[in-house]
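In what follows, a single structure is set out as structure tokens and then discussed.
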């Protein structure tokens, strides 16, 4: 049955995706943003450059290296901007991201999840030939499989330490020292250091509560690093943290580099986090979803063209940033649409009007889109592919 | 700053995506499914062909046409199989889907949401030149804009009728007749009929409750169709419904065609719906997400490589279909990982083992992936692109 389907069905669609999408003819058009086919992922270049500059200055001032996490943006363009601002390399959550981003502009890449399975390990070995790669491990079984898969190639591995989440990582000092020995026993593996990342901690809104959480969890990191040193395995690199904890991690002085990610965009979640103890967050929201009113037949609400396929609905619905009256809220209306609910007496946006939404959680939202529409003000400057979109394997 | 980024960053990644992904070398390999880089979207071809055949037989027996909704699968291959089984054409939720799927194998395409905005209307006009297209409308303003944008081309439009959700559609008979007149006034538009779709109704689990809901809502559809006939605008086509209501819609006999979508996959949501009054659902689950255990350091749980970027977390977490002991449940652990929580005393899956998950809601889940891994049993038969992935604009 399959063979009866002409091969000519596919190329058209794939050619389109390999291009720059339906809005490519609007690049360079003044006020092109207002003409876009929607929903469209919008990247404010002024805010992006500002954010990259602010974090780079923070790293320099604090004497801590930056290895920004590309799981957030999945973009070769943004990664290159981060490297130009001084980042020592990039993090990738998965092997597929690293394959897509590998290249001179990305610099050294660290894969921050264990890579497991025969097909994935073979790909990892091949990738070693074309980029400066390192990967985390959390089990002796994985270390042995890695050693065998590399077929003579050399690779730096870091031990992932569980910050108390029971997701990935070794539990503590004993397991870490044992694993360092297993690494040492593999001729082609080099022990590079420790990784320590607590995702939920990043989003604790209150600065003092977040700081206490980091301090509590970091006690185990300090103990593990000390045990490794005593056993003759000093961790050259201690990498981890994120946008939510970068100031705290730098102050504690245990980590040697920060895996900051979301600071480039500042999504709705981070916008409510007090990132610094005494001063306001210096970061700006650079990422929005532009939607359009496609139905306006009822009092009190209008329907826009962005639903669950255009935003991630696992958390709160996105905030409305512009295009609707003060007090209006967005609600999901299925996969393809959303409702803008208007406050009593407010004037409704009209059919065709653009309503801009925030991103509740930037990482999985970006992962829905093939392109960033890069703007300065309302001018469409460029369209950048989301280079590693969907590459979760 | 942008111009300093070499253009050579992009082609590698895009070439990879335009291919068949990291598992392409496993096509044809016996038991290739077990070797896949994961997470991977798996399509059981036996179950898919069974489902397409069952629904085609239902349509023939009931004397009702099928226009399956491609928003579910976004696949040229699956659309072609539906057409070969007798479908009169396909539905697309958005213009971008229709652009990607247009071609002789898809047949006539109906866009089931209003198309609004200057750029989108220009694209719609161009698409008319290369496929048999129709689109729904729900406002006179949109009808006027369409008439102007077509620049002499002819297009069939259907009036979308609100089933009571206030998402899209005209509210009732008066507005429908007015809109039919506005369509008649546009020389290049032809009034093709009515569309009527209530999404939430599809998922009411109890058959009798769902049936009552359909009957209540359909009363307005009958009244609107009658008013249009009396005013001289007989609706040649009345299109709508879905997998959840197809048996009820066919029995009521008001619709002339069904927009069934999810029946091809049967996701977790539909698996709990009683689709028929007295007999079990004849459809089988054809779509799963294969994940792999990547960390197994703690008693009572293992970590797999599929999180919120690999499944849609807006509803319940996915069911575990195989690869873990009876009673094990999946929980999201962030964007990149999930936990398989084991029942007391159960033997844990081992590092590298594959755990297969259901899809909580198939449409937005498919929209995360570039490829279907098409299997018979555990043999990887083929890899099909998700042709219209992400094309929500």
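Protein chains in written order, with my numbering: chain Y, 45 to 437; chain H, 45 to 437.
Yeah, the Cβ is synthetic: ideal placement off N, Cα and C, and Gly gets one too.
Check                                                                                                                                                                                              : Outcome
What would DSSP say about residue 314/Y, mapped onto helix, strand or coil?                                                                                                                        : helix
With a cut-off of 7 Å, does the C-beta of residue 194/Y fall near any C-beta of chain H?                                                                                                           : no
If we define contact as Cβ-Cβ less than 7 Å, is residue 442/Y a contact residue for chain H?                                                                                                       : Residue coverage of chain Y in this structure runs from 45 to 437, which leaves residue 442/Y outside it and unanswerable.
By how many angstroms is the C-alpha of residue 376/H removed from the C-alpha of residue 339/H?                                                                                                   : 15 Å
Three or more C-beta pairs closer than 8 Å, one from the segment 81-88 of chain Y and one from the segment 315-333 of chain Y: is that the case here?                                              : yes
Can you tell me whether residue 221/Y is helix, strand or coil according to DSSP?                                                                                                                  : helix
Between residue 403/H and chain Y, is there a C-beta pair that is closer than 7 Å?                                                                                                                 : no
Going by C-alpha to C-alpha distance, which of 398/Y, 356/Y, 266/Y, 385/Y sits closest to residue 205/Y?                                                                                           : 266/Y
What three-state label does DSSP hand residue 178/Y in the structure shown?                                                                                                                        : strand
Hey, out of 140/Y, 145/Y, 152/Y, 147/Y, whose CA is closest to residue 165/Y's CA?                                                                                                                 : 140/Y
Would a check of beta-carbon distances place residue 379/Y closer than 7 Å to chain H?                                                                                                             : yes
According to DSSP, which residues form a beta bridge with residue 451/H?                                                                                                                           : Any property of residue 451/H remains undetermined from this structure, which presents chain H solely from 45 to 437.
If I'm right that residue 145/H touches residue 354/H with Cβ under 8 Å, what's the distance once you round it to whole angstroms?                                                                 : Incorrect: roughly 24 Å between the Cβ atoms, too far for contact.
Can you pull the chain H residues whose beta carbon is under 8 Å from the beta carbon of residue 413/Y, in chain order?                                                                            : 434
Secondary structure at residue 162/H, three-state DSSP: helix, strand or coil?                                                                                                                     : helix
Give a yes or no on whether the minimum CB-CB distance between residue 210/H and chain Y is below 7 Å.                                                                                             : yes
To be precise: take each residue of the segment 157-183 of chain Y, compare its Cβ to all Cβ atoms of chain H, and keep it if any distance is under 7 Å. Which residues remain?                    : 157, 158, 160, 161, 162, 163, 164, 167, 182, 183
Would you tell me roughly how many angstroms separate the C-alpha atoms of residue 51/Y and residue 261/Y, rounded to the nearest one?                                                             : Reliability of the predicted coordinates at residue 51/Y is poor, the pLDDT of 32 falling under 50, and the value obtained from them is presented with this limitation in mind. Near 55 Å, if we compare the C-alpha coordinates of residue 261/Y and residue 51/Y.
In the DSSP output, what is residue 336/Y paired with across the bridge?                                                                                                                           : 398/Y
Skipping 5 residues on each side, what residues in its chain have a beta carbon closer than 7 Å to that of residue 414/H?                                                                          : 61, 65, 429, 430, 433
According to the Cβ coordinates, are residue 156/Y and residue 137/Y closer than 7 Å?                                                                                                              : yes
Run through chain Y and tell me which residues come within less than 8 Å of residue 214/H, C-beta to C-beta.                                                                                       : 341
Give a yes or no on whether 7 Å exceeds the smallest Cβ distance from residue 298/H to chain Y.                                                                                                    : no
Taking any Cβ of chain Y, which residues in the segment 309-340 of chain H have a Cβ under 9 Å from it, in chain order?                                                                            : 336, 337, 338, 339, 340
Report the residue from 320/Y, 412/Y, 345/Y whose alpha carbon sits nearest the alpha carbon of residue 356/Y.                                                                                     : 412/Y
DSSP state of residue 155/Y, grouped into three classes?                                                                                                                                           : strand
Would you say residue 397/H reaches chain Y, if we count a Cβ-Cβ gap shorter than 7 Å as a contact?                                                                                                : no
First and last residue of the alpha helix (DSSP H) that includes residue 91/H?                                                                                                                     : 89-106
Assuming residue 150/Y contacts residue 127/Y under a Cβ cut-off of 8 Å, what Cβ separation, rounded to an integer in Å, is found between them?                                                    : 7 Å
Measuring alpha carbon to alpha carbon, tell me which residue in 291/Y, 67/Y, 163/Y, 299/Y is nearest residue 307/Y.                                                                               : 291/Y
Under 8 Å, with one C-beta from each stretch per pair, do the segment 381-394 of chain H and the segment 309-327 of chain H reach the 3-pair mark?                                                 : no
Check whether the Cβ atoms of residue 237/Y and residue 282/Y lie closer than 7 Å to each other.                                                                                                   : yes
Between residue 337/Y and residue 397/Y, how many whole angstroms is the CB-CB distance? I'm expecting something under 8 Å.                                                                        : 5 Å
My guess is that residue 103/Y and residue 130/Y are in contact by the Cβ rule of under 8 Å, so how many angstroms apart are they, rounded?                                                        : 7 Å
Flag residue 82/Y as yes if its beta-carbon sits less than 7 Å from any beta-carbon of chain H, otherwise no.                                                                                      : yes
Identify, in the order they occur along the chain, each residue of the same chain with its Cβ nearer than 6 Å to the Cβ of residue 200/H, setting aside the five sequence neighbours on each side. : 178, 234, 236
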